[in-house]
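Here is the structure we will look at.
2 protein chains.
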Amino acid sequence: MANKSWKVLVTGGAGYIGSHTVLELLQADFEVVVIDNLSNAYKDDNNIKPECILRIEKLTNKKIVFIQCDITNLNELRDIFKKHKFHSVIHFAALKAVGESCEKPLEYYKTNVCGTLNLLKVMRDFNVKCNCTNPYGKTKYMVEEILKDLCTSNQEWSVISLRYFNPVGAHSSGQIGEDPNGVPNNLMPYIAQVSVGKREILYIYGNDYDTPDGTGVRDYIHITDLAMGHVKAMIYQKIHNSTGFKVFNLGTGKGYSVLEVIQAFEKASGQKIPYKIVERRAGDISASYADASLANKELGWQATKNIGDMCLDTWKWQQNNPNGYKR
Amino acid sequence: MANKSWKVLVTGGAGYIGSHTVLELLQADFEVVVIDNLSNAYKDDNNIKPECILRIEKLTNKKIVFIQCDITNLNELRDIFKKHKFHSVIHFAALKAVGESCEKPLEYYKTNVCGTLNLLKVMRDFNVKCNCTNPYGKTKYMVEEILKDLCTSNQEWSVISLRYFNPVGAHSSGQIGEDPNGVPNNLMPYIAQVSVGKREILYIYGNDYDTPDGTGVRDYIHITDLAMGHVKAMIYQKIHNSTGFKVFNLGTGKGYSVLEVIQAFEKASGQKIPYKIVERRAGDISASYADASLANKELGWQATKNIGDMCLDTWKWQQNNPNGYKR
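Below is the structure:
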């Protein structure tokens, strides 16, 4: 079947990863329906679609069906599946702030675990058994267990779970990017806000880790590479008629320290990023990497963008949109 | 506060473990409200309460408030908490058939994980933060993780999770006991049905395990001991004003093989139990025990009934109620 007649539901499609994946799906000619509860996306009161969706429509010159819906609402989900015949679902809708998840565990489990269960139940009832997902944080293990059990219980399901660490950057157009609420939890958006003068100084949490320069090392991945990983995974399911539960890591396999990221950002932007070393943060580890060789072998995917690209695109997005999607 | 004015909600209170715990709670003078969806309990069309609840009322000469309600229904739960001011919740409502859970994983996760989340949310909203629970099977780990996170997020919660393996037997009155639907999954109810001629022969799944006589060894616990474990745990919370998440094993610390259980049952009942050795069952392990020393030390609890008591009470219940609660 041609991509054009392949209809994909993207949950959380107005979020950071979701929006970039929607863009790549449209460019690969898929038909896309987005649902999002807008808990973490900006929408102007005069529009019915959030700003990032409008921008994607402009960039691609295509229309996106957008439905405001929370995945914890089973009946709303059912209505959407009644109206649309989906071939695949790419599932991003989730709460994802690690700090907040410690304060509001019940909300996190409800949205991430029970919301996913709702989605799976409706998919089962409407016989949509192709699912591509990235569960977040502490709920990750649970959701993967549920998906595994589901695939064991019924051989018709095809589920690909994509694991990755630190998505950064923005679309090269500078039109869509990351738009965090409040103080950013992650390094790159924080640097970006310092670079345009929205924040005074960057705090580095510890420089006594067991790494070459003492600061934490992470496997960063460009958001467009990540989005393409989801598109490739879905195409893999579509072409191979694959079944069962599969897990792939997506990453560059290369780690960068906090100081290296700052350096790369300064080079890409020509801006000086002032920083201050402070105490370690609870829960941080020294280093984490992904081995993405299986994704390369099976899905034919690999990261194409390096740390310089990640910084350059972040800088472009932040310059064009110092206040995110709010104009 | 006197037990008399201490109001306890028991979810799944019409089930096997729930009903025995309700009985012990009433005998310790607590006020009890039972909710149950009756998915696994017999109710006569002419009554509004299930048979086991009626029998407990008769045995104790006390009244039980019974509400038919499914814990996956958040609004119904809310209404119940609006109407009743609970001091503690003992949570048994769960699906618990291991075989079925492999066929219907979504239903199991929904009831056991999301149902528990509903309950916790309503408890939080109504400031009832004393919870005693026994999560089942594959959802056990998830529910314990949720409870741990919840206790970490808010120091007012007091949660005791009780772990145990194989509850058997019945109340010594012979009036309440285990009433499985269809073919029993577990050894003791199967033996009991063979003993009264409801089933022809007992199948033993493998006699080549690494145990003294080759058949599987399990830590059986008398249902009344188990019920008392829940009562003691709740009293512990009540008296010590305890907070945080605690786990206790409940067990006898003694294992019995299938052949030993048969022998004990034959001795207690005077009936011959014909059996046949067949192939191992998938998923069975050779032996499992509980070390209940912490429960003894902290809760002042210990098992008081031996394998002979377990068999005798099972036999009494089965003789009096060859068809379970259906008269």
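Those protein sequences? They're chains A and B, same order as listed.
If you count by this note's numbering, then the first sequence holds residues 24 to 350, one letter each, in order.
If you count by this note's numbering, then the second sequence holds residues 24 to 350, one letter each, in order.
Backbone N, C-alpha and C fix where the C-beta goes; we use that ideal spot for every residue, glycine too.
Since we're looking at a predicted model, the values are computed, not measured.
- Taking 8 Å as the cut-off, the beta carbon of residue 136 of chain A is found closer than this to the beta carbon of residue 166 of chain A.
- Chain A places no beta carbon closer than 8 Å to that of residue 182 of chain B, leaving this residue out of the contacts.
- Interface with chain A (8 Å Cβ-Cβ cutoff): residue 179 of chain B is excluded.
- Using beta-carbon distances, residue 128 of chain A counts as an interface residue toward chain B, with a partner under 8 Å.
- For residue 298 of chain A, no alpha helix (DSSP H) encloses it; the enclosing beta strand (DSSP E) starts and ends at 298 to 301.
- Its Cα nearest to that of residue 148 of chain B, the residue A/127 stands out among A/134, A/110, A/127 and A/103.
- For residue 231 of chain B, the secondary structure class from DSSP, reduced to helix, strand or coil, is coil.
- In this structure the region 180 to 197 of chain B does not lie against the region 63 to 75 of chain B, because fewer than three pairs of beta carbons, one per stretch, are closer than 8 Å.
- Exposure of residue 301 of chain A is indicated by the presence of fewer than 16 other C-beta atoms within 10 angstroms of its C-beta.
- In the DSSP assignment, residue 99 of chain A falls within the unbroken alpha helix (DSSP H) covering 97 to 106.
- C-alpha of residue 130 of chain A to C-alpha of residue 80 of chain A: approximately 32 Å in a straight line.
- A contact between stretches requires three or more CB pairs, one per stretch, nearer than 8 Å, and the region 312 to 325 of chain A meets this requirement with the region 251 to 267 of chain A.
- When C-alpha distances from residue 313 of chain B are compared across B/341, B/343, B/274 and B/293, the shortest belongs to B/274.
- For residue 289 of chain B, the three-state secondary structure derived from DSSP is helix.
- Buried is the label assigned to residue 146 of chain B, since at least 16 other Cβ atoms lie within 10 Å of its Cβ.
- Proximity to residue 276 of chain A across A/252, A/254, A/240 and A/315 peaks at A/315, based on C-alpha coordinates.
- Within the region 190 to 212 of chain A, no residue places its CB atom closer than 9 Å to a CB of chain B.
- For residue 339 of chain B, no Cβ of chain A is located within less than 8 Å of the residue's own Cβ.
- Between residue 246 of chain A and residue 43 of chain A, the C-beta gap is smaller than 8 Å, which places the two residues in contact.
- Contact of residue 165 of chain A with chain B by beta-carbon distance below 7 Å involves 165.
- With a cutoff of 8 Å on beta-carbon distance, residue 87 of chain B and residue 138 of chain B are scored as not near each other.
- In terms of Cβ geometry, residue 197 of chain B and residue 340 of chain B form a close pair [threshold 8 Å].
- Taking 8 Å as the threshold, the shortest C-beta distance from residue 175 of chain B to chain A falls below it.
- Ranked by Cα distance from residue 82 of chain A, the options A/194, A/37 and A/140 are led by A/194.
- For the set B/132, B/238 and B/267, the Cα lying nearest the Cα of residue 154 of chain B is the one of B/267.
- Just measuring C-alpha positions, the residue of A/186, A/222 and A/210 sitting nearest residue 286 of chain A is A/210.
- Under DSSP, the beta-bridge partners assigned to residue 34 of chain A are A/58 and A/114.
- Cα atoms of residue 223 of chain B and residue 217 of chain B: separation of roughly 6 Å, rounded to the nearest angstrom.
- In the three-state reduction of the DSSP assignment, residue 144 of chain A falls in the helix class.
- Residue 88 of chain A sits in a strand when the DSSP states are folded into three classes.
- In the structure shown, residue 78 of chain A falls within a helical segment according to DSSP collapsed to helix, strand and coil.
- For residue 186 of chain B, the beta-bridge partners assigned by DSSP are B/272.
- DSSP places residue 40 of chain B in no beta strand (DSSP E) but in the uninterrupted alpha helix (DSSP H) bounded by 39 to 50.
- The beta carbon of residue 169 of chain B falls within 8 Å of a beta carbon belonging to chain A, placing the residue at that interface.
- Between residue 143 of chain A and residue 173 of chain A, the C-beta spacing is below 8 Å.
- At least one CB atom of chain B sits nearer than 8 Å to the CB of residue 172 of chain A.
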